[in-house]
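Participant: Each protein sequence line maps, in turn, to chains A, B, C and D.
According to UniProt numbering, the residues represented by the first sequence are 1 to 202, in order.
According to UniProt numbering, the residues represented by the second sequence are 1 to 202, in order.
According to UniProt numbering, the residues represented by the third sequence are 1 to 329, in order.
According to UniProt numbering, the residues represented by the fourth sequence are 1 to 329, in order.
Just so you know, even glycine gets a beta-carbon here, dropped at the ideal spot from N, CA and C.
Can you keep this structure in mind? I'll have questions shortly.
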Amino acid sequence: MSETDPRLRKMFEAVAQAVIAHADELTELDSAIGDGDHGHNMTRGMQAVLGELDALVAKPWNEALKAAGMQLVMKVGGASGPLYGTLVMTLGKSLDTPPTRDGLTAALHAAIEAVMARGKASAGQKTMLDVLVPVSEAVSAGRSPAEVAEVARKACAATKEMLATKGRASFLGERSVGHIDPGARSSQIMIEAIAEQLGDAK
Amino acid sequence: MSETDPRLRKMFEAVAQAVIAHADELTELDSAIGDGDHGHNMTRGMQAVLGELDALVAKPWNEALKAAGMQLVMKVGGASGPLYGTLVMTLGKSLDTPPTRDGLTAALHAAIEAVMARGKASAGQKTMLDVLVPVSEAVSAGRSPAEVAEVARKACAATKEMLATKGRASFLGERSVGHIDPGARSSQIMIEAIAEQLGDAK
Amino acid sequence: MKKLINSVDTVLADSLNGFCRAHGDILVAGEELKFVRRKDLKAGKVALVSGGGSGHEPLHGGLVGHGMLDAACPGQVFTSPTPDQMLAAVEAVDTGAGVLFIVKNYEGDVMNFEMAAEMASGEVARVLTNDDVAVEDSLYTTGRRGVAGTLVVEKIVGAAAEEGRDLAALKALGDKVNARTRSMGVALTSCTVPAAGKPMFEIGEDEMEMGVGIHGEPGRRRVKLASADDIAAEMIGAILKDLGETARGEALLFVNGFGATPAMELYLMYDAAAKKAEAAGLSIARSLVGSYVTSLDMAGCSLTVTVLDDEMKALWDAPVHTAALRWGM
Amino acid sequence: MKKLINSVDTVLADSLNGFCRAHGDILVAGEELKFVRRKDLKAGKVALVSGGGSGHEPLHGGLVGHGMLDAACPGQVFTSPTPDQMLAAVEAVDTGAGVLFIVKNYEGDVMNFEMAAEMASGEVARVLTNDDVAVEDSLYTTGRRGVAGTLVVEKIVGAAAEEGRDLAALKALGDKVNARTRSMGVALTSCTVPAAGKPMFEIGEDEMEMGVGIHGEPGRRRVKLASADDIAAEMIGAILKDLGETARGEALLFVNGFGATPAMELYLMYDAAAKKAEAAGLSIARSLVGSYVTSLDMAGCSLTVTVLDDEMKALWDAPVHTAALRWGM
Ligand SMILES: Nc1ncnc2c1ncn2[C@@H]1O[C@H](COP(=O)(O)OP(=O)(O)O)[C@@H](O)[C@H]1O
Ligand SMILES: Nc1ncnc2c1ncn2[C@@H]1O[C@H](COP(=O)(O)OP(=O)(O)O)[C@@H](O)[C@H]1O
Ligand SMILES: [Mg+2]
Ligand SMILES: [Mg+2]
Ligand SMILES: [Mg+2]
Ligand SMILES: [Mg+2]
């Protein structure tokens with residue numbers, strides 16, 4: 001199979017490997033304020049993407065992302081499956097191909113809107129959105145990949161002191177405070193992997 | 001209520017209190033090679049006897065023993081209930097009143113025969129009989145209360161190295177070796193209490 | 001971790017295979033174990049489909065059969081099933097009268113069932129269960145969890161579906177049963193997800209977690225172990241308070257074990273809970289005691305009260321034949 | 001000790017009260033909770049009475065009702081009931097056709113039931129169950145224990161009693177079912193008797209006890225924790241070896257949880273065990289999976305195989321309505 005863009009394979013591999021490498025940490029975080037499956041869920045999804053990698057990278061960027069998003073929906077399960085699936089599918093639907101910086105900004109915006117609609121949530125509720133929203137803003141503002149990664153790192157750390165009002169952690173009330181949100185951390189890990197790829201590509 | 005013989009109350013009290021004082025040890029022994037209830041079973045029976053004490057000691061020796069034996073049958077449960085109940089009831093049935101040394105010898109013999117028949121067991125199988133049988137022989141041989149108590153002590157200790165072929169401990173096969181039999185120990189405790197009473201009475 | 005398993009990767013498949021094998025008279029497994037469905041479907045009947053993370057057995061697979069569910073989709077342990085599972089189940093059991101999803105209120109379950117409903121071609125409605133009073137029901141949060149009360153919804157709606165009621169009527173009935181049902185749980189120990197290999201939380205010998213859900217998540221409060229009577233008083237108190245004016249007349253009292261608590265303790269809790277509920281003026285007309293909505297090997301239990309009316313009582317009594325609940329046939 | 005109780009002294013009474021309260025439609029408690037009996041007796045039917053130490057719930061009280069027992073006598077935890085309990089039960093349920101005692105082979109149970117039989121005025125016969133192959137059956141020992149197979153005996157004999165068979169015929173049938181039934185158990189943890197307050201034995205995180213009974217007594221061997229497949233292979237192997245020539249044709253496979261093992265693991269064990277039994281040539285015609293003959297809060301399970309004939313199969317299928325087993329009505 002021919003590859004439409006060699007960067008695509010590298011990107012998918014980098015993201016999947018980063019998530020899988022941090023699976024135990026994600027599960028640990030989810031055990032503290034959730035049900036302890038986030039690492040397993042994400043690993044299942046990333047392995048599905050890796051398993052289909054040859055077929056995915058034969059597609060153009062937007063089709064590849066749509067297909068990868070559908071893989072996440074069908075394999076991850078839990079709350080993060082529909083959310084990350086929706087994120088990636090919408091990215092695919094909205095992205096021009098080959099991607100441009102402006103196109104990416106708009107697509108990211110659309111994708112995060114879709115995640116908010118799917119999960120009926122917004123930033124400030126101690127979820128992945130607390131990383132995704134500032135990241136999207138940083139991208140809109142024209143920040144460099146390294147700067148965006150730094151924004152994600154800070155945003156993730158900031159979820160620690162937040163009170164959860166969405167997701168399983170919300171069932172804990174006050175007891176949710178003092179722990180980093182697992183979905184915020186998985187988002188940050190993915191952003192960081194992407195930023196590194198983009199940085200290298202520069 | 002008038003008491004037919006003041007020794008009767010003392011005897012019942014001494015035996016019951018001795019057993020109750022050793023309940024934890026009996027349960028401990030039964031946990032190792034049985035089901036961990038011997039101390040509770042015996043305590044339940046002894047408390048029933050103490051609860052009926054005024055009525056019991058108003059009867060002559062033989063009737064009192066028969067009634068106490070029935071209390072044990074109806075309150076102890078497990079294997080030890082029917083066995084000790086049979087022992088004491090048969091003692092009552094066989095004893096002349098007031099008791100004589102010869103009468104006691106014969107009654108003890110009859111009572112132990114009844115226990116063997118009820119439990120289809122004999123000495124050498126790691127049960128209470130390994131204390132009761134040598135005690136009966138020592139009584140027949142005219143030994144003093146202190147000597148009989150010493151026989152009981154040794155006989156009880158000797159059950160440690162025996163292989164159980166009766167009672168729950170037999171389910172353990174070789175693993176029953178190395179532990180004192182709980183029923184042997186409760187028998188010894190009762191014999192010792194009786195011997196002390198008889199010694200004091202001398 | 002001490003479990004009777006072959007390997008952590010095959011727990012779910014091995015267990016589902018055993019389940020379908022043991023109940024092959026009434027159940028069949030869907031392709032790739034995406035769902036479990038009734039062997040005999042009834043044409044023209046609205047199909048009831050539920051599902052959720054595994055680890056709550058016998059819920060939901062054990063509630064598939066005549067008088068209850070048509071299919072159940074088992075997710076990974078404590079993880080919502082994925083939309084392809086629900087789609088495959090709908091495909092297999094929809095005989096044309098539409099499908100009612102019965103979904104426990106967790107964002108994962110809600111979103112996955114929602115995506116399946118969006119993708120399904122036939123008519124689909126949904127009942128969302130949220131009986132857990134341990135979670136404050138606020139406009140600003142996810143709302144209450146669906147826990148053991150889900151079984152009551154499935155039983156009563158299942159009986160009505162068997163009678164031939166239509167999709168809208170069944171949805172309305174499900175919503176009504178849910179509105180009259182409240183639960184609360186207490187855990188004495190944590191549970192161990194096979195893939196994690198260790199308990200989800202540490203807890204002292206003299207402590208308990210009050211207000212737990214069914215996913216090994218911590219409860220609302222960590223408190224000292226109390227007597228059964230005191231635990232029942234707190235839980236029944238919270239349930240009745242939340243039911244408010246609804247809490248009158250006849251009720252179903254359901255004592256549900258979390259997996260590692262034996263019948264002896266569950267019946268003891270039933271005694272304590274029934275006394276409290278009756279002292280508060282309810283008349284316990286129906287009861288259910290057993291481990292039906294579990295949390296793997298967690299020790300503890302939940303109490304569920306459903307305030308009955310005559311219709312609900314008759315539907316509860318209607319014949320049912322599933323792996324876990326069976327009467328009248 | 002973490003249990004849902006009020007105090008160690010009231011565990012049994014509190015639990016029995018809850019049990020009788022929850023199943024008041026079919027059961028009544030005898031005076032001083034000496035026994036639990038069917039609400040509706042059937043004149044002219046031989047009465048079936050069983051009992052034993054408590055801590056094995058739902059055995060035996062949960063097996064009282066139409067098609068099974070007429071009464072059950074609960075002893076203290078793991079302690080045989082006393083003869084006055086059996087006498088009171090016989091008094092309450094003997095309608096003139098005689099009484100069949102179903103007794104698990106433990107010296108305590110045997111002797112207490114024996115004394116009751118000697119004291120009873122009516123006709124009494126006895127079936128002794130001894131299905132546990134973990135114990136060597138030798139002329140020089142107490143013989144094998146009666147464990148989970150007792151449920152199978154009670155179900156099949158109970159159905160025959162309902163048909164109106166006489167005492168001698170029922171005793172013969174019970175002996176036959178027992179002779180065609182074998183069990184073996186494995187424990188992953190110990191259990192805690194409430195009055196003792198601590199586990200009966202210590203066991204490592206990577207160990208199990210092979211060949212345990214249902215009283216928290218140690219098994220025959222302490223071994224390393226093995227896979228479900230290997231455990232099932234050892235247990236089914238021992239059972240089939242002991243059944244010898246009898247092990248052919250159709251069989252009932254019963255996977256019984258000891259109290260703290262959830263359905264997920266029991267079904268997984270069922271899968272493993274059924275495969276082994278079928279590979280050995282048996283055809284699994286009936287199955288039962290659940291915690292029916294427990295050992296308080298012990299984790300682990302037993303496997304029971306009963307080789308069926310047509311009569312036994314029909315009696316197994318006959319209607320039953322008890323707290324724990326119910327079908328056909
Ligand atoms: N409504 C929501 N909107 C956005 N993110 C959410 C929402 N609900 C949950 N999440 C995210 O999903 C993460 C949990 O994912 P995961 O553990 O895989 O699913 P589950 O909670 O179903 O077990 C949370 O840490 C949070 O970041
Ligand atoms: N057949 C028997 N003959 C004599 N003594 C026996 C017999 N079976 C058991 N015992 C005695 O009973 C003791 C156990 O009593 P207990 O623990 O109260 O009853 P159970 O074994 O029913 O739990 C044993 O230690 C043993 O000494
Ligand atoms: Mg999670
Ligand atoms: Mg004992
Ligand atoms: Mg989850
Ligand atoms: Mg005992």
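Check whether the Cβ of residue 239 of chain B sits closer than 6 angstroms to any heavy atom of ligand 4, and report yes or no.
Facilitator: Residue numbering for chain B in the displayed model covers 1 to 202; residue 239 of chain B lies beyond these limits and cannot be assessed.
Participant: Are the C-beta of S283 of chain D and some C-beta of chain B separated by less than 7 angstroms?
Facilitator: Indexing the fourth sequence from 1 puts residue 283 of chain D at position 283. Answer no: the Cβ-Cβ gap between S283 of chain D and chain B never drops below 7 angstroms.
Participant: Any beta carbon from chain G within less than 7 angstroms of G18 of chain C's own beta carbon?
Facilitator: Judged by its chain identifiers, the structure shown contains no chain G, and its protein chains are A, B, C and D.
Participant: To the nearest angstrom, report how far apart L151 of chain D and W316 of chain D are at their CA atoms.
Facilitator: As a position in the fourth sequence, residue 151 of chain D is number 151, starting the count at 1. As a position in the fourth sequence, residue 316 of chain D is number 316, starting the count at 1. Spanning the two alpha carbons is a distance of roughly 11 angstroms.
Participant: With a cut-off of 7 angstroms, does the C-beta of N112 of chain C fall near any C-beta of chain A?
Facilitator: Position 112 of the third sequence, counted from the start, is the residue given in the question as residue 112 of chain C. Yes, N112 of chain C counts as interfacial toward chain A.
Participant: I need the straight-line Cα distance from L56 of chain B to A67 of chain B, nearest angstrom please.
Facilitator: In the second sequence, counting from the first residue as 1, residue 56 of chain B sits at position 56. In the second sequence, counting from the first residue as 1, residue 67 of chain B sits at position 67. Rounded to whole angstroms, L56 of chain B to A67 of chain B spans 7 angstroms at the Cα level.
Participant: With M269 of chain C as the anchor, note down where its beta strand (DSSP E) starts and where it stops.
Facilitator: On the third sequence, residue 269 of chain C is found 269 positions in, with the first residue counted as 1. Counting along the chain, M269 of chain C falls outside any beta strand (DSSP E), though it belongs to the alpha helix (DSSP H) covering A263 to A279.
Participant: Got a sec: does ligand 2 put a non-hydrogen atom nearer than 6 angstroms to the Cβ of P182 of chain B?
Facilitator: Locating residue 182 of chain B in the second sequence gives position 182, counting from the first residue. It does: the Cβ of P182 of chain B is within 6 angstroms (strictly closer) of some heavy atom of ligand 2.
Participant: I'd like the list of long-range same chain contacts for M312 of chain D, defined as Cβ closer than 7 angstroms, with 5 residues on each side in sequence excluded.
Facilitator: Start at 1 with the first residue of the fourth sequence, and residue 312 of chain D comes out as number 312. So the list reads I156 and V177, once near-sequence residues are dropped.
Participant: By Cβ distance below 8 angstroms, which residues in the same chain neighbour D166 of chain D in space, the five residues on each side in sequence not counted?
Facilitator: In the fourth sequence, the residue the question calls residue 166 of chain D occupies position 166. So the qualifying residues of the chain are V46, A97 and G98.
Participant: At which residues does the alpha helix (DSSP H) containing V115 of chain B begin and terminate?
Facilitator: Counting from one through the second sequence, the residue named residue 115 of chain B turns up at place 115. Start and end: R101 to G119.
Participant: Sort D:G52, D:V64 and D:A160 by Cα distance to E114 of chain D and report the nearest one.
Facilitator: Numbered from 1 along the fourth sequence, position 114 holds the residue referred to as residue 114 of chain D. When each option's Cα is compared against that of E114 of chain D, the closest is D:G52.
Participant: Less than 6 angstroms separating the Cβ of T127 of chain B from some heavy atom of ligand 2?
Facilitator: Residue mapping note: residue 127 of chain B aligns to position 127 of the second sequence, counting from 1. Yes, the beta carbon of T127 of chain B sits closer than 6 angstroms to at least one heavy atom of ligand 2.
Participant: By the DSSP assignment, the beta strand (DSSP E) with N178 of chain D in it spans what residues?
Facilitator: Here residue 178 of chain D refers to the residue found at position 178 of the fourth sequence. Counting along the chain, N178 of chain D falls outside any beta strand (DSSP E), though it belongs to the alpha helix (DSSP H) covering L167 to A179.
Participant: Could you tell me whether the Cβ atoms of V103 of chain C and V64 of chain C are closer together than 7 angstroms?
Facilitator: For this step, residue 103 of chain C is matched to residue 103 along the third sequence. For this step, residue 64 of chain C is matched to residue 64 along the third sequence. Not a contact, by the Cβ cut-off of 7 angstroms.
Participant: Is H60 of chain D near ligand 1, in the sense that its beta carbon is under 6 angstroms from a heavy atom of that ligand?
Facilitator: As a working mapping, residue 60 of chain D is identified with position 60 in the fourth sequence. Checking the Cβ of H60 of chain D against ligand 1 gives no.
Participant: Using CA coordinates, which residue listed in C:P194, C:A89 and C:V49 is at the minimum distance from T27 of chain A?
Facilitator: As a first step, residue 27 of chain A must be located in the first sequence, where it is residue number 27. Of the candidates C:P194, C:A89 and C:V49, the one whose C-alpha sits nearest the C-alpha of T27 of chain A is C:P194.
Participant: Residues of chain C with a CB under 8 angstroms from the CB of V11 of chain D: which are they?
Facilitator: Indexing the fourth sequence from 1 puts residue 11 of chain D at position 11. The contacting residues are M264 and L268.
Participant: Could you list the residues in the region 194-228 of chain C with a C-beta less than 7 angstroms from some C-beta on chain A, going in chain order?
Facilitator: Residues passing the 7 angstroms Cβ filter: A195, A196, M200, G213, H215, G216, E217, P218 and R220.
Participant: What are the uninterrupted segments assigned as alpha helix (DSSP H) that are 4 or more residues long and contained completely in the region 85-147 of chain D, given in chain order?
Facilitator: DSSP runs (the alpha helix (DSSP H)) wholly in the region 85-147 of chain D: 107-119.
Participant: Consider the C-beta atom of D30 of chain A and the heavy atoms of ligand 8; say whether any pair is separated by less than 6 angstroms.
Facilitator: Annotation note on ligand 8: not contained in the displayed structure, which lists ligand 1, ligand 2, ligand 3, ligand 4, ligand 5 and ligand 6 as its ligands.
Participant: When we look at the beta-carbon of P81 of chain C and count the other beta-carbons within 10 Å, is it buried (16 or more) or exposed?
Facilitator: Here residue 81 of chain C refers to the residue found at position 81 of the third sequence. With 16 or more other Cβ atoms within 10 Å, it is buried.
Participant: Let me know if M1 of chain A comes out buried or exposed under the rule of 16 or more other beta-carbons within 10 Å of its beta-carbon.
Facilitator: Mapped onto the first sequence, residue 1 of chain A falls at position 1. With a pLDDT of only 46 at M1 of chain A, under 50, the local geometry of the prediction cannot be trusted, and the value read off the model is given with reservation. Per the 10 Å Cβ criterion, exposed.
Participant: List the residues of chain D that C301 of chain C touches, going by C-beta distances under 7 angstroms, in chain order.
Facilitator: Position 301 of the third sequence holds residue 301 of chain C. Near C301 of chain C (Cβ distances below 7 angstroms), the residues of chain D are L4.
Participant: Report yes or no: do the region 317-329 of chain C and the region 7-26 of chain D share at least 3 C-beta pairs separated by less than 8 angstroms?
Facilitator: No, because fewer than three Cβ pairs between the region 317-329 of chain C and the region 7-26 of chain D fall closer than 8 angstroms, the two stretches do not touch.
Participant: Does the beta carbon of K276 of chain C fall short of 6 angstroms from some heavy atom of ligand 1?
Facilitator: In the third sequence, residue 276 of chain C corresponds to position 276, counting from 1. Flag unset: Cβ of K276 of chain C not near ligand 1.
Participant: Roughly how many angstroms separate the alpha carbons of M119 of chain D and D109 of chain D, rounded to a whole number?
Facilitator: The sequence position of residue 119 of chain D within the fourth sequence is 119, counting from 1. The sequence position of residue 109 of chain D within the fourth sequence is 109, counting from 1. So the alpha carbons of these two residues sit roughly 15 angstroms apart.
Participant: Measure the alpha-carbon distance for N41 of chain A versus A146 of chain A and round it to whole angstroms.
Facilitator: Walking along the first sequence from the start, residue 41 of chain A turns up at place 41. Walking along the first sequence from the start, residue 146 of chain A turns up at place 146. Rounded to the nearest angstrom, the two C-alpha atoms are 28 angstroms apart.
Participant: Rounded to whole angstroms, what is the Cα-Cα separation between Q197 of chain A and T181 of chain C?
Facilitator: In the first sequence, counting from the first residue as 1, residue 197 of chain A sits at position 197. In the third sequence, counting from the first residue as 1, residue 181 of chain C sits at position 181. So the two alpha carbons sit approximately 52 angstroms from each other.
Participant: Between which two residues does the alpha helix (DSSP H) containing R9 of chain B stretch?
Facilitator: Start at 1 with the first residue of the second sequence, and residue 9 of chain B comes out as number 9. Here the alpha helix (DSSP H) through R9 of chain B covers P6 to A21.
Participant: Any residues in the region 47-74 of chain D with a beta carbon nearer than 8 angstroms to a beta carbon of chain C? Which ones, in chain order?
Facilitator: Per Cβ criterion, the list reads S54, G55, E57, P58 and G62.
Participant: May I ask you to list, following chain order, the residues of the region 161-173 of chain A that have a beta carbon less than 7 angstroms from some beta carbon of chain C?
Facilitator: Here the close residues are T165, K166, G167, R168, S170, F171, L172 and G173.
Participant: Per the contact definition of three or more C-beta pairs closer than 8 angstroms, is the region 112-128 of chain A in contact with the region 79-92 of chain A?
Facilitator: Output reads yes: the region 112-128 of chain A touches the region 79-92 of chain A.
Participant: Identify the contact partners of M74 of chain A in chain C, using a Cβ-Cβ distance below 8 angstroms as the criterion.
Facilitator: Start at 1 with the first residue of the first sequence, and residue 74 of chain A comes out as number 74. The answer, in chain order, is T82, P83 and D84.
Participant: Between the C-alpha atoms of A16 of chain A and F258 of chain C, what's the straight-line distance to the nearest angstrom?
Facilitator: What you label residue 16 of chain A is simply residue 16 of the first sequence in a count that begins at 1. What you label residue 258 of chain C is simply residue 258 of the third sequence in a count that begins at 1. Near 36 angstroms, if we compare the C-alpha coordinates of F258 of chain C and A16 of chain A.
Participant: Would you say E163 of chain D faces chain B, with C-beta separation under 7 angstroms as the test?
Facilitator: Position 163 of the fourth sequence holds residue 163 of chain D. Cβ-Cβ to chain B under 7 angstroms: no for E163 of chain D.
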